[in-house]
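As structure tokens, the structure follows; a few thoughts come after it.
Numbering (the numbering used here), first residue to last: 459 to 653.
This is the structure we're talking about:
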């Protein structure tokens with residue numbers, strides 16, 4: 459009988475030891491998994507990605523991804539051909555595929571970009587069209603700033619934007635081209651006027 463009670467005492471001691479060892483281990487494991495899960499949720503809500511990646515993949519604002527231009531800088535030449543796969547065009551309003559004449563825009567199409575250097579003088583915006591238009595065309599810069607593009611030639615519209623209406627604090631410029639008609643735009647030119 460004494461050997462049986464000795465075995466039962468050893469088994470009871472092992473169970474108690476297992477409880478003392480596994481409870482803190484289980485608690486530590488749950489705590490570490492919860493921490494990892496919360497960190498993953500934080501990273502999903504606050505991704506550390508480039509402006510181009512954020513604009514295309516996360517916010518789904520642009521038609522194409524600016525893989526080679528992560529900061530979405532407008533080209534130094536100031537000219538973008540709308541018929542090319544331009545990362546500056548918004549998804550809304552622009553045709554997915556370009557035609558031989560340019561790219562179709564139905565009523566409203568946006569541009570997303572950054573200036574290489576914030577302009578200190580007025581900025582000229584020109585749209586080259588595949589055919590002339592009689593409907594008015596406006597450029598909205600946000601914050602209620604809307605500027606009418608005036609005919610420069612038969613197939614060219616132009617507007618001069620005062621530097622004061624450009625939001626320099628915005629992480630990304632969003633300019634919206636608006637009209638009641640549809641347009642086929644060949645190229646877009648945005649250049650600072652120098653004295």
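By construction, the Cβ of each residue, glycine as well, lies at the ideal position given by its N, Cα and C atoms.
| Query | Result |
| --- | --- |
| Residue 570 beta carbon less than 8 Å from that of residue 530 | yes |
| Contact the region 530-544 vs the region 598-617: 3+ CB pairs below 8 Å | no |
| Residue 591 - DSSP class collapsed to helix/strand/coil | coil |
| Exposure label - residue 633; buried when at least 16 CB within 10 Å | buried |
| Proximity to residue 636 [Cα-Cα], best of 517, 650, 651 and 591 | 591 |
| Selection from 552, 486, 609 and 601 that minimises the alpha carbon distance to residue 642 | 552 |
| Outcome for residue 626 when other beta-carbon atoms lying within 10 angstroms are tallied against a minimum of 16 | exposed |
| Nearest to residue 605 (by Cα), restricted to the options 612, 589, 622 and 611 | 622 |
| Buried or exposed by the 16-neighbour rule on C-beta atoms within 10 Å, applied to residue 515 | exposed |
| Euclidean distance between Cα positions of residue 459 and residue 478 | Per-residue confidence for residue 459 stands at a pLDDT of 48, beneath the threshold of 50, marking its modelled position as unreliable; the derived number appears in the next sentence. If I take the Cα positions, the gap works out to 29 Å. |
| Distance between residue 481 and residue 493 (C-alpha atoms, nearest Å) | 18 Å |
| C-beta atoms of residue 624 and residue 581 nearer than 8 Å | yes |
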